[in-house]
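Report on the following structure.
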Amino acid sequence: MTKQLLLVALGGGVGSTFRYVTSSWIVKHFPYIFPLSTFIINITGCFIIGFLMGLSIRYSILNNELKYLLIVGFCGGYTTFSTFSAENIRLFETGNYWTLALYIMISVASGLIAVWGGNILSKIITQ
């Protein structure tokens, strides 16, 4: 149990750091009302977790330690669903209803497509 916790903590720390750096860069270069940085992070995180889960399910490429480090730790630290939810509340409270609806719809749809795409890519490159 201690080893798993350390792997999750290490992966989560790296994922959170990567999220911060990515978000800072996106916000600096694309400062719009639409929460683009969280959207991009959530979608790429969905793709990464789909890819890793696909590799894990189909092949013995990821042992349990790598699953804790990469899937639970890194992806858990990198994705920002709690931030996504808070941003939606902020959009609602400020009366940006169309942006709110658009953000929710394309985030959920794109996330599902990204997980599916990562899973498909894992099949293609391991054939």
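Numbering (my numbering), first residue to last: 5 to 131. Beta carbons are placed, not taken as given, at the ideal position from N, Cα and C, and that holds for glycine. Computed from a prediction, not measured in an experiment: that's the story for all the values here.
| Query | Result |
| --- | --- |
| N- and C-terminal bounds of the alpha helix (DSSP H) containing isoleucine 47 | 40-62 |
| Beta-carbon gap between cysteine 50 and valine 112 smaller than 7 angstroms | no |
| For tyrosine 24, the first and last residue of its enclosing alpha helix (DSSP H) | 6-33 |
| Proximity test, Cβ basis, 7 angstroms: cysteine 50 and chain E | Looking at the structure shown, chain E is missing, and only one protein chain is on hand. |
| Residues near phenylalanine 88 in its chain [Cβ-Cβ closer than 7 angstroms; skip 5 each side] | Thr42, Asn46 and Ser111 |
| Own chain residues within Cβ distance below 7 angstroms of isoleucine 108, not counting five before or after | Asn92 |
| Leucine 59 vs leucine 70 beta-carbon contact at 7 angstroms | no |
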